[in-house]
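Colleague: Numbered by my numbering, the letters in the sequence shown go through residues 31 to 165 in order.
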Amino acid sequence: MLLENIGIYEWDVIIEKVCTWSWVGVCASENFNYGEVAGTQFSGWVLGSNGSCCNPGNSLNNYCPPFHYDGAKITVHLDINRRTCSFTVNGTKYSEVSAWNNLPSKLYPVVSLKYPGRFRDEFDCKKSFDVILHI
31 MLLENIGIYE
41 WDVIIEKVCT
51 WSWVGVCASE
61 NFNYGEVAGT
71 QFSGWVLGSN
81 GSCCNPGNSL
91 NNYCPPFHYD
101 GAKITVHLDI
111 NRRTCSFTVN
121 GTKYSEVSAW
131 NNLPSKLYPV
141 VSLKYPGRFR
151 DEFDCKKSFD
161 VILHI
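#1: At a cut-off of 7 Å, is D109 close to the ligand MN when judged by its beta-carbon and the heavy atoms of the ligand?
#2: Are the region 139-154 and the region 113-120 in contact at 8 Å, needing three or more beta carbon pairs?
#3: Exposed or buried, which one is L143 when buried takes at least 16 other CB atoms within 10 Å?
#4: Determine contact between the region 54-61 and the region 122-138, defined as no fewer than three beta-carbon pairs at a distance below 8 Å.
#5: In angstroms, rounded to a whole number, what distance separates the CA positions of P96 and G81?
#6: Hey, how far is the Cα of N92 from the Cα of C83?
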């Protein structure tokens, strides 16, 4: 589902099966290549399992501790009103990603993972939407 214009959205992603790398966040549909990793694309804004926030134009290393294990729970906090994003990892909420202070007004949830990785999503029933999976 498209998240656009106004609103605050939150959703959880749980790593059921860990893999070499995984990414959780948002993407814009324009110029997004679903055959590539979300963390390497200019139209993707994601938190990597290495603890870094990635967007080729505005990345931030050491945003949080790595979460390379089964059962890790990542919550995405997207504020379309302010065009900002932050994450909670295993119950610890981290600050807004300072480099991402002007996100596009139209975004989609996105996760990227490598085989044999597996995610499960948990959404607030008031604001449910589909997750775009990159496998």
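Cβ atoms here follow ideal geometry from the backbone N, Cα and C, with glycine treated the same way.
Modeller: In this structure, then:
#1: The ligand MN is absent from the structure shown, which contains no ligand whatsoever.
#2: no
#3: What you label residue 143 is simply residue 113 of the sequence shown in a count that begins at 1. Flag for L143 reads buried.
#4: yes
#5: Sequence index remark: in the sequence shown, residue 96 carries index 66 (1-based). Sequence index remark: in the sequence shown, residue 81 carries index 51 (1-based). So the alpha carbons of these two residues sit roughly 4 Å apart.
#6: If you number the sequence shown from 1, residue 92 lands on position 62. If you number the sequence shown from 1, residue 83 lands on position 53. The alpha-carbon atoms of N92 and C83 are separated by roughly 8 Å.
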